[in-house]
Each structure stands twice: as structure tokens, then as C-alpha cells.
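Enquirer: Would you mind keeping the following structure in view while I ask a few things?
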Amino acid sequence: MASSFFAAKATSSSKLTSKQRVEPALQPWVEKYRPKTIDDISAQEHTVAVLRKTLTSTNLPHMLFYGPPGTGKTSTILALARQLFGPDNFRNRVLELNASDERGINIVRDKIKNFARQTPRAETVASDGKVYPCPPYKIIILDEADSMTQDAQGALRRIMETYARITRFCLVCNYVTRIIEPLASRCSKFRFTPLDSDSAALRLSHIAQAEEIDVDKAVIDELISTSAGDLRRAITYLQSASRLSSSSTPATKIKPVDIQEIAGVVPTAVIEDFARILGIEVQNDMVVDDSPPRVDGRGGFEPIKKYVKFLMREGYSATQIISQVHDLVTFHPTLNGRKKSKCALVFAEADKALCDGADEELWVMEVGLRVNKAVLS
Amino acid sequence: MSLWVDQYRPRSLDALSYHHGLSERLKALAASGDFPHMLFYGPSGAGKKTRISCTLKQLFGSGVEKLKIDQRVFLSPSKRKIEINIVQSNYHIEITPSEAGNYDRVVIQELLKEIAQTQQVDMGAKQRFKVVIINEADSLSRDAQAALRRTMEKYMSNMRIILCANSTSRLIAPIKSRCLLMRVAAPSEDEMLAVLQSVARRVGFDLPPEAGTKIVEDSNGNLRKALLVLEALKMQSPDLTGPLSIAKPDWEVYCHKVADLIVSEQSPARVMEVRTKFYELLSHCIPPTVILKTVAERVVDKVDESLKADIMHWAAFYEVRMRNGNKKIYHLEAWVVKVMSLYKQFFYNIDMSEFD
Amino acid sequence: MAPKSQAQTQPQVGKRKPTKSSSLHRTVRLDGERIPSSSAPSRMTRMDPLTAFSKSVTTVSTVNKINASQSQGQKFKGKGKAKIQEYESENSGEDGQAAGFLWVDKYEPMTEAQLAVHARKVEDVRRWFDEAFEGGPSGKLTKYRRILVLTGPSGTGKTATVRVLAKEMGFEIMEWKNTIGEAQNFFSQESNTSDYEGLFTKFEAFLARASTCHNIFASSSAQKSKNRRIILLEDLPNILHSKTQTQFHEALHALVSAQSANPVPVVIIISDSGLRGEATDERRAEAGGWGWGKDKTQIIDVRTVLPKDLLGGQFVTEISFNPIAPTLLRKALQAMLSIHFSRSSASAPSKEVLDTIVESANGDIRSAIMALQFACIIEFPGRGKKRLGEQRIVLEAVTRREQSLALFHLLGKVLYNKRMGDPPSASASAKDLQKERDIDAALKPSVKLPVHLHQHDRRASRVNVESLYADSPIDTSLFSLYIHQNYTQFCNEVEESEDLADWLSWIDASGGDMWYQANPHQFHLLTLGTLHSLPSPVPRRSQKYYKPEFFGFLQKEKDAWDSVCATRDWLIDDLLSRDGSGWRAGGWTKNDVVLEVGGVLKAQDAIQNSKYARPPPPVHKLFSQMTFTRTGNTVRASQLDERDDFQADQQLGLDRDLDMVSPSSIYKMAEEKGGWLESDDIDEF
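Chains as they are written, first to last, in my numbering: chain A, 24 to 400; chain B, 3 to 358; chain C, 16 to 700.
Spelled out as C-alpha cells, the structure:
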């Protein structure tokens, strides 16, 4: 996704860049710990293996990177470009465009035209003494390409042909199906998979070490589970958490609860209570519940209504509640498939409704009532 | 003199009477010099804006209380005029872009760019950045949110954004991930009662506990509403003794009576009557969702247990329709007809079983 | 359209003898300079469509044959709208003498008697002019009669009335014309506004000169008392452009506030075309948040043309014109025909043709005359019944757009939900019965549905949805409002309305926000859904149709929102007035104000001594006060009448403000006898 750091460099608005350099403390860790080489990329072994070959041959095809957010798509192409051109040429060889930001294809075309016009300087020996391949083309990175309109993508196809000799395109997107076929067929496609927890944990503890913050395994696990394979989110949460903990007067250690709060996650206990009221059995493996057993759930309208009101008053987000209840139901050990399917239908409807901007209370209520009905059926 | 809710609003983080943990965090963040973008969310009347204001004061000192209100005019791409009220001090600026309807993107882009490019003038300022408060952030269009997202990255060095929203559901993930999330839950009933009593003390009267409890129960976690009710009540009967009837706003009473209409008779003629009542409510600017929820809750209270879930289901169902459609009355009415039909069939079935 | 070259050539107005209208009417050019009209009204060249006065048409034609192209150019400049058509080639035959002239211009009314406008309307306008010049009975009204706004659908004789009265009462019309071509305006608005503002400056200059500098225009000072004039603004500056609109409003303010012993009254004519059916709800933009609001103010109507304070103020009078009644329309057309064919070898079109034209004109006299002229040009070979159908087809082709089913009948067809084999109604005539049998014979009986769908079994419908769609006078959005307003009467039980209510809801919610995402099948779905849901046969209890209450309440809501803003401003002002520490002044959202402040405001109003610096604005009652009454049926919407609405002026004048629906859509031939009953037995065609 977007990296203003590099974009700023590329578009020579150096004022901001210098400022950001001055304050490394403020720099987002996501930028600070971006992989420098493609070998640093976490967990995308296949892609990295293929790309490493292109480094040696220096012949790069057009590329299409797709996969869920936070899996290292942008990092990969930036690292690759860095390795190809070196720090000196990087700036005038790489153009990063955010497709959803620069809406009109005309703007994109102009930028590309201007960018392609500048003749690349080819100093193969860089200031840091290393030798970079520095192939004779420029790289244009189109971030969020799937949010371009069909028309814009069509126009892009022409642009790609026009500048084929001096540029290589790298389209980065979440959903490959939203890229029109003619465009997709011109690119070699690389799929990025969600990070497995081990590599994510490795990376997170590496960052924690570098920042000299004390995190234990529980926190790392919490980070990984709340971010669901999205490394960027995990790193952002970690940064926020460390910011909070370090700013409190006796600097406190980061606790898993903090992570939940930062991520906007509803505490597990709250969700479990809700589930009990809905009539779902929740086994308490970690019995920290010192409070008296709450409403055991044979459901009923009033208790559900009351609990939903409580959830709303606490300010939890409806999408979050529903997705957590969804997880709980879907992975539930004893509910049978039929019941789960019925519930799944409700979750889907509720998600659509909330996307349309529906009222949160009504829909959490609806989910509650219908899950209750499904479970008791 | 102004409304008590404004007059006795806490002005510093220390003066806040509940969510102390949150206040501590905010204080620490303000002091750390590493102040992030923030997103305050929680139900309305929980005290989000109060906390934002207090945080600002913590950041900049009492200078932020010197406010002025401007009206700014923006031009939409089609050269339409968009007028937006802007509240600002030397250190911060507060906007409600959703007032610009679908041109909120223009407002966000123009205004933020402008603020970001002007440096803090006041050399004595405690912070090098200005703060932009964006109200009703959850009603920003997707376009505006995308624009905001880019701005947040670009101008981090001399601007911080504080978003204020009722819920995070409608915010796009990149914005959420760029902000530090601050959940402001509604105060508990005890906390609310304490606030009411302290306000009463400052005004100079004693709030009988039973009156206080009644107000608190009635306001459903909305402290602002509770304070307004208290003030209205005090105006109505200055001694606050005797049988207190909590003066509900007219629209709420009206909604309840509409619910009674629905339950008492089910016929096409009654549908017409209810429709006129809905029209009245709508023409008094009551948001249709609020109408639907208020009426539905009342109806649900009055019907058999077995009907309740269905009534709420249809309420949720038609509420979404309402969001997608134009003419709110259709959807409200469709719900009413549905409920009437359900209710009638329910009684019909009872009658039949009695015959058997 | 006229060839470009003609349109662009500057017409040499001075040379041409017969100016567009009488000598009293002068055209003022955009630079404010008056074009000298012909010295004397030597020959009246215009004919009136309404009378049989025969004037010497031949004199016109001679001039016109010479200046055929010129006159076209002139007319393009003069009237602007779609009046220029290339006629020369087509009517070279017996119509030749009038070549190049549109009947609309040729037979323009000259006296009040010739106007097809209802006499009372004319009287209203006349009284206004009278008061403006003479001050009315008290002699003091001059001060307040500054701006007259004439509104109504196009072709209802607004301009003609003013011109006729100008002649009769002897005042001069100074008219503003936007002389820059439409296209140019468009571009200048898009790219840079300087061009357009240039035009506006000229407009201001025009206004200033026309309203103040008497002596420039007065032919002699001695005549001054008799020399009355008005400013006519029909061709308005582009008020959709916000800056121009502001300027325009300012100009009007200046005009009204100017202290002048002898002010020049201003007449503004606004044709509210394209307004009907704009039934979108603004609430979306206000509260919907997530979705896109709709751009609502892009319509020219009285509210955009006039600033709000003026509109409600004492200086502005609004008179709205209704569509011309069929009787009056027919009389006018017949009179015109009798003049036209008195000197012609050709025979006038048959009565049937006239009927079709009157029927399809929908109260728009201009389009009726155009259609009539066209009908006289195309030759219908032979007469008799055989030809009649052919003529009809041709005419329908000409007037298709206007060929509309009266709304009243449209509703009847849909809501009465007639199906094959319905028992005939008690009062149906033999002819009607036969007609029903014919329809049934043409219908295919519906196929029996499988058992699990038996609840959807219906007999075949007698309603042809396609032809309804083609002939509907209103758009789907408005049509759905009418259905919504009236359907409950056609249901006995609440279950019967369940499906219909759901259809309405679903159709409204279908499709996306953008225009290109709109559901293209809305009309069909609405009609079919309604037919499918209604009981069959529907109960008959001589139901009456009502106009939607929607618009009235929408307007109320808009006013209430204004009051919400006023109240919020009051809250904020109150805060700021406390010495310099306006704490959290931006904190009140509109919804907070609506939902929560009501109680305090009410209590505040109840007690006498206010503790506030200034009392809350009294308008807050618009949103904060609601009394629940069970006698609620008094707010009933006004009835939709079969013979509706050209006679009951007063009533409709009020309605028009409430529901912005053009009354033309709810209009029906007057010959038909009125009454409610059996309105369902409508002629099929």
C-alpha cells in the first residue's frame, strides 16, 4: 500500500522528505522496517525465488502482485527496485502512483509521460560502492490498481504498449479479478499469501528488539490474531501500543488487552457472554472468570435486547462484534453444520447491511435474535 | 448563560469524572511529544467531544478556548457553492464535512491541504502541529475517506487529525489503522448520577436521588440528554419535588402513540392514519431510523414474546431499504403493514386454536 | 434548428417594417441600447389564434417572402425556444403565403378576449399592473408592486398575457435577452466565468438603466404620466451558476430597495418545466451519510430565481398559471383555423384531428398550435372513417410526447386491477360491456401455476402495461407516490396491502445512487407489482384519488431544517457571547439539536423570564413541537379530480406551492361529465 516516503522522494517534494528524516521517531515503523532486499521479505518464498532470478538476468516482465493487504506486495517491489537501481538511481527510476488517489486516467498518463521522458542516468557504481544491475528501464508502480475504473484500465493497456521499451509496470492490488483480462494477461502474476503466524511472529519480535521494547509471547500472539495475517496492521498496533505504554508515567509493559483495545477488538469475555446469551455453549478453558456466572443462555428476547443495548453503550463497533461472533460460531466444536449454515446466512446479510450503512443496533440485534433461533432450532 | 450541558462541561482532563484510565492515557500522550492521529468513537452523549476538547487544552493550554466561528465557502467541481461552518482557535480547527453532503471530499481536500501547508504561526505554541477535528467522521463518503487517508500520510509533520465518530464500522480500514483508536463508552448509571448531582450542586440545588435515578434510567447512557432533561425538569418544577414526570421530547411521545395505534387496530384505514403520523414526524426532522427504532421498541414491548423477534427482524430489514431508497415513508409504512399483518395473524391463530 | 448562418447574422431590425409585435413593445439589446421600433404601427401584421378577426395577412407575406431568412433570424433572437423549424420547403403549397411564419407568432393574441387564459388569471395580472401604476384603490400600493412573478408550465400564455395587457393598458415592455448563444454560455461556465460575468454586467446595466433613466426612453416629457413601462425578464441569466445567482439576487434586492418616485415594475416569467416528478428526498444528503446526497438545487424554479426573503416579502407577488382548459384551447384553435382557411383553397383539418390535438396538448397552447400547423401541412388524402386511423397515427407520431393518458385514468386502470372475466360493473353501458368482452377475447388466459405457487395464481389482467408505460404522463417516481397515496382504499384487509407496501419499498430501494445505476424497469415493476398485489376484484366503494401528501411534508421538513440551523446558531451564539470562552462551540450536530434540545426549549417557552441573553428563536417549534391528535384526517391531501384544476384557481394556487407537481399532468377534458363513480370504465384506445 501507499508509502508516501518513497512517493515524496520520487516527486521531488523534498521539503517533506527532509522533515520526515529529521524525526525518525515519528516515522511509522511500517516504513522504518520495510524490507531492504527481497530476501528480507517474510514468508513469500515462491515469489521471492522467482524474483531473485530476474535480478540476475535483469530482464523484468510487467508484473501483477495480488493478495490480501499487509502481505508485502509493495515492500517486495520496492525492495526489488532498490536492488536493481541502487539508492542513487532509485529516485529517478521508480514512480509510485496511487491509483485510487489520482483518479483520472489523464493524470496517470501525464505523470507517466513526464516520467518516461526523463532520460535515465546509468551509473552502475553507486555512492555506497556497490554495483547495481541498473537495467535500462524505469519501473512504474501502480498501487491499488483494482480501484481503477474499467475505462482507466483499458487506457492503461495502451499506455503500457506505448512505453513498453523503456518502462516496466508493476500493478499492485488486492483482488486480481478486478483487473481486466487484457491487462492481467500482459503481466506475470504473483500471488501473495497471508502470512503464517511463525514468520509474522519472527518479524514482530525483530522489530520489538530493534525498538528495545519488552513484549512477551502473549502480546505477539494477540497481535497476530487481531491482525489476521496483515503484517502492516500488526506493526502499526505494536507501534501504537508501545507509544501508549512508554508515554504513561511509570512506563508499563504492553499487555494483550492493550492490543485489543488499540485494534478496536471486543474483549473475548464480552463476546463469550453474548454468545452464552444467544444459547451458544462456550467452554471456559481459561477460567479467569471470578465474577459469578452470568446469564446462562436460553436466549429469549429481553436478555438479548438488554445485552445488545449494553454492547452499543460500550461503543463497540457492530462489524467487529459480528465478525467475532462469526469466528466463534464458525469454529464452534459442537454446533452442527446446519445450524452453522443458518448463522452464516445471517452474518452475510448483516455485513451487507452494515456496508450499506444500516443502523448498528438493529443489526446486532438481528444477528443475535437469528443466531439464537438457529442455535435453538 | 447557556445550557448547563455546555456551561458545566469539564474543561480539563483532570476534571473529567469517569473513564479515568482513558484520561490518564490522553494526558500521557499529550505530554509525550509523540502525538498520533486519533479516532474517538462511542455512542452519542458519552463524552467524546468533551474529551477531545480537554485533550486539546492539555496540548496547547487555554489558548484553544479562544474560539471563533467562520463560514467558509468551497466550490464544488460543478462550481456549486458549499458553505461550511468552521470553528477554530489559533491551534486547532473543527469541521463537520458531512454537512457538505456529497461534496465532503472537496472540503476535506481543500481545507486540510491549506492547513497543512501553513506552519504554526504562534512561536510560543507548545506544539509544532495544528490539530484538525473532524466531526461525524463515520458519515464521510468513501471518496472523502480516501482523500483523508492520503492527507494523513502526507502532512503528518505539521498536522494531527482527530476524528470523532459514533462507530468505526463505516470507516475504511486504512484510516482506522492510521489512527490510535480511543473508545469512549457511555458512562455507567452510577457515574451519570454522580455527574447530574455535581451539576445540580454547582447550579445550587439538591437533586433528589429518585429524580436523578429516573432521569438516568430514561436517558440510556446519553449524558448530554440526561443533563438536558435535568435542566428542563428544573425549569418546569423548580423545587423538583412531588411526582416527577420526566418530560420526554414531543417526538418520543408521538412515536409511542404511533406504536399504540399500530397495536390497537390493523386495517388499511389505520395504515393511512399511521402514515400521516409518520409524515408528521419526518417533517419535524426526526431521522427516519430513529422513528423506526423508537416505534419498534414500543411495539415490541406490547406484543407477545413469539412476535418480538419477527418485528425486530423486519425493522432491521426495512431500515436497510431506507438507506438505499429515497422515499423514507415507503419503508416505514411497509414495516408497519408487515407488523400489522403479523400481529393480526397471530391473534387469528389463537382464535382458531380456541375453537379446536 | 435554423441554419447557423442565419442565426448568427445580425438581423437588421431597423429596416424591417413589421416588428415582432406592436410598436409599444420594444426590444432592448444586451448593451442596454434600445432598438428603435418602427415609427408607427401602420399595419397590424399579427393575427390572433383566438378570434376570427381577419387582418391583412397578405401584407405580411410580401414582406416576408423577401426577408424570409431574415425573419427567421429575428425570431431566433426573439423567442429563443424551439420555434424555428424549416418550413419553407414543406409548405410551399397553398400555405405559401404564410411561408416562414409559425402560427404561434402569426396568430399571437392581441386583445384580452383573444387570450386563451382563464379570465380570472388575466384579471389578477391586470389588477397587479393597475396597482403598480396607479396604486390600486387606496393609491398606495405602487410601493409594494415591484416584482411580479408569473409561473406555470410552458405554453400557458404567461408572456402573451403580459403583452396583451401591455397593449390594452398602454405600457411599454422592456425585455432582456441573453444574446450570447447557449453553447457559448455553457463553455464559459465550464472553463472560465469571465465571459459570462461580462454578460451579467450588461444585464445589470440594463436593469439599472431600464429602472431609472426615464428620460432616455420617454419620447417626450409631456407624455411622462402616460408613459408607463415594465421590465420583462423571461430570458434569465444563468442562475444555476452560483455566482451569477448571487449577483442576480443582489440586483433584485437593489431594484426593490431603490427609492424611486415612479418605480418600474418588473415582471419575471418562469416556466416550471422539468420540475414534475423530481420527488427525490433530500434526507439522504442530510443524514444518510454513507450514500451520496442528491444534487437538488439544480432546478430553475421560483425559489432559485428569487431570494428567499424577497419571495415571502411584500414586494413580490406570484401568480401561477395553469394549463389551458381544453374548452378554451379548442375554441382558440377553431378560431385560428377559421381565419386561416377563410382565404385558402385547402380544407381545414377534420374535427377528429382537432380533438386529437387538443387532447394531446395537455394544456400547452403553444404545442397545440404547432401540432395544428403541422396537421394542416401534411395532407391527409381523402376523408372518411378509413383515413381517420391513419391520421391518428400520423398525429400521434407528431405529438407523441404529449400524447398522454390523464393521470386520473392511469391510476384508475392500475388501481382497479381489472382482470379477465371480472363481473361487469352495475352501471356499465352495453358499449362498455362489449368493449370488455373484446379485450377478454384478445387476452390469453393465464397458465395455471404449480401447487407450491398457487398463491400467485391470478386471472389474466386487462391492463396493458406497455401501453400504460408509453402513455404515462408522469415519471415513475411520481407515479409511485400516487399509488402509495391511494392504494389503501383498494384493500379490505391489511394483509392485502402487505405485498404492495413491500413492492413500493423494494422499487424505491432498487438501483444505485448514480443516475446510470437507476433501475430501468421501475415503472413495469411498480405497475405489475401493484396489479399482482391488489385483491381481485378490488372492492368498489367509489374511491376518490388524492394527490400525494409527500411534497407538502417535504417542504415542511425543509423549513424545519432551517429552523434547526437557526436554533443551533442560537445555541452557539449564546456560547460565544460568554466572554471569549466559547467552549466546544462546534459540538452541536443537527441531529442532537432535533432529538435532545426540544425538552429544554419547551420548558423555556413555558416560563416567562429567560435566563438567556436572547430568547431562543421561536421557529424552533417547527421541529420541537408535535401534538398528537387522533382527528388527524384533516390534513388529508387534496383530491385528484377528473375535471381537475383549471377552474379552481384559488385552490390550486395553494396546492402548487405544496406539491410541486405540474397540474398539467392531472388534467382531463372538460366535456366529459364529471363525477366519481365508475371512473374505472375508461375508454381503451
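C-beta atoms are modelled at their ideal positions from N, C-alpha and C, and glycine is treated no differently. Every value quoted in this text rests on a predicted model; they were computed, and no experiment measured them.
How big is the Cα-Cα spacing for residue 374/A and residue 365/A?
Expert: 15 Å
Enquirer: Among residues of its own chain, excluding the 5 on either side of residue 409/A, which ones have a beta-carbon nearer than 8 Å to its beta-carbon?
Expert: Residue 409/A is absent from the structure shown; chain A starts at 24 and stops at 400.
Enquirer: Taking DSSP as the reference, what is the three-state secondary structure of residue 157/C?
Expert: helix
Enquirer: Buried or exposed: where does residue 73/B fall if 16 or more other Cβ atoms within 10 Å of its Cβ makes it buried?
Expert: By the C-beta density criterion, residue 73/B is exposed, having fewer than 16 other C-beta atoms within 10 angstroms.
Enquirer: Mark residue 289/C as exposed unless 16 or more other C-beta atoms lie within 10 angstroms of its C-beta, in which case mark it buried.
Expert: The predicted position of residue 289/C is uncertain, since its pLDDT is 42 and thus under 50; a value taken from the coordinates is nonetheless stated next. Exposed, since its Cβ has fewer than 16 Cβ neighbours within 10 Å.
Enquirer: Extract the residue ranges of the alpha helix (DSSP H) inside the segment 158-214 of chain A, only unbroken runs of 4 or more that lie entirely within it.
Expert: 173-185, 204-207
Enquirer: Are the C-beta of residue 194/B and some C-beta of chain C separated by less than 8 Å?
Expert: no
Enquirer: For residue 306/B, is the classification buried or exposed, using 16 other Cβ atoms within 10 angstroms of its Cβ as the cut-off for buried?
Expert: exposed
Enquirer: Per DSSP, what kind of secondary structure is residue 82/A in: helix, strand or coil?
Expert: coil
Enquirer: If you measure beta-carbon to beta-carbon, which residues of the segment 155-177 of chain B are closer than 9 Å to chain C?
Expert: Listed by position, the residues of the segment 155-177 of chain B near chain C (Cβ gap below 9 Å) are 172.
Enquirer: Establish whether the CB of residue 639/C and some CB of chain B are separated by less than 8 Å.
Expert: yes
Enquirer: Using a Cβ cut-off of 8 Å, which residues of the segment 208-240 of chain B contact any Cβ in chain A, in chain order?
Expert: 222, 223
Enquirer: Ends of the beta strand (DSSP E) at residue 167/C?
Expert: Going by DSSP, residue 167/C is part of the beta strand (DSSP E) stretching over 162-167.
Enquirer: Which residue from 187/A, 182/A, 256/A puts its Cα closest to that of residue 129/A?
Expert: 182/A
Enquirer: For residue 88/A, does the three-state DSSP call read helix, strand or coil?
Expert: strand
Enquirer: Say whether the segment 170-188 of chain C touches the segment 345-360 of chain C, bearing in mind that this needs 3 or more beta-carbon pairs closer than 8 Å, one atom from each stretch.
Expert: no
Enquirer: Would you say residue 268/B faces chain C, with C-beta separation under 8 Å as the test?
Expert: yes
Enquirer: Should residue 44/A go down as buried or exposed, given a rule of 16 or more other Cβ atoms within 10 Å for buried?
Expert: Reliability of the predicted coordinates at residue 44/A is poor, the pLDDT of 42 falling under 50, and no value is obtained from them.
Enquirer: Count the other CB atoms within 10 Å of the CB of residue 452/C; is the residue buried (16 or more) or exposed (fewer)?
Expert: exposed
Enquirer: To the nearest angstrom, report how far apart residue 566/C and residue 500/C are at their CA atoms.
Expert: 12 Å
Enquirer: Cβ closer than 8 Å: which chain B residues qualify as neighbours of residue 285/A?
Expert: Ordered by position in chain B, the residues that pass the 8 Å Cβ test against residue 285/A are 182, 183.
Enquirer: Quick check on the burial criterion: 16 or more other C-beta atoms within 10 angstroms. Buried or exposed for residue 120/B?
Expert: exposed
Enquirer: Return the CA-CA distance between residue 491/C and residue 230/B, expressed in angstroms with no decimal places.
Expert: 45 Å
Enquirer: Which residues in the same chain as residue 190/B place their Cβ atom closer than 8 Å to its Cβ, once the five residues preceding and following it in sequence are excluded?
Expert: Taken in chain order, the residues that qualify are 20.
Enquirer: Write down every uninterrupted run of the alpha helix (DSSP H) in the segment 232-307 of chain B whose length is 4 residues or greater and which is fully enclosed by it, in chain order.
Expert: As summarised for the segment 232-307 of chain B, the continuous alpha helix (DSSP H) elements at least 4 residues long and confined to that stretch are 252-266, 270-285, 290-304, given in chain order.
Enquirer: Excluding the 5 residues flanking residue 256/A on each side, which residues of the same chain have their C-beta closer than 6 Å to its C-beta?
Expert: For residue 256/A, same chain residues with a beta-carbon under 6 Å away, outside a window of 5 residues either side, are 93, 250 in chain order.
Enquirer: Skipping 5 residues on each side, what residues in its chain have a beta carbon closer than 7 Å to that of residue 246/A?
Expert: 227, 257, 260, 261, 282
Enquirer: What are the boundary residues of the alpha helix (DSSP H) that residue 223/A is part of?
Expert: 220-233
Enquirer: Which residue wins for smallest C-alpha separation from residue 132/A, given the options 278/A, 267/A, 184/A?
Expert: 184/A
Enquirer: Determine, using beta-carbon pairs with one atom in the segment 81-100 of chain B and one in the segment 132-147 of chain B, whether at least three such pairs fall under 8 Å.
Expert: yes
Enquirer: Threshold first: 4 residues or longer. Then list the alpha helix (DSSP H) segments lying entirely within the segment 269-304 of chain A, N to C.
Expert: 279-286, 291-300
Enquirer: Anything in the segment 305-322 of chain B with a Cβ closer than 7 Å to a Cβ of chain A? List those residues in chain order, please.
Expert: Cβ contacts with chain A: 307, 310, 311, 314, 315, 317, 318, 321, 322.
Enquirer: Flag residue 314/A as yes if its beta-carbon sits less than 8 Å from any beta-carbon of chain B, otherwise no.
Expert: For residue 314/A, the predicted structure reports a pLDDT of 47, less than 50, and the residue's modelled location is therefore unreliable. The matter cannot be settled from this model.
Enquirer: Report the three-state DSSP secondary structure of residue 13/B (helix, strand or coil).
Expert: coil
Enquirer: Classify residue 163/C as buried or exposed, calling it buried when 16 or more other Cβ atoms lie within 10 Å of its own Cβ.
Expert: By the 10 Å Cβ count, residue 163/C comes out buried.
Enquirer: Where do the N-terminal and C-terminal ends of the beta strand (DSSP E) with residue 167/B fall, by residue?
Expert: 161-167
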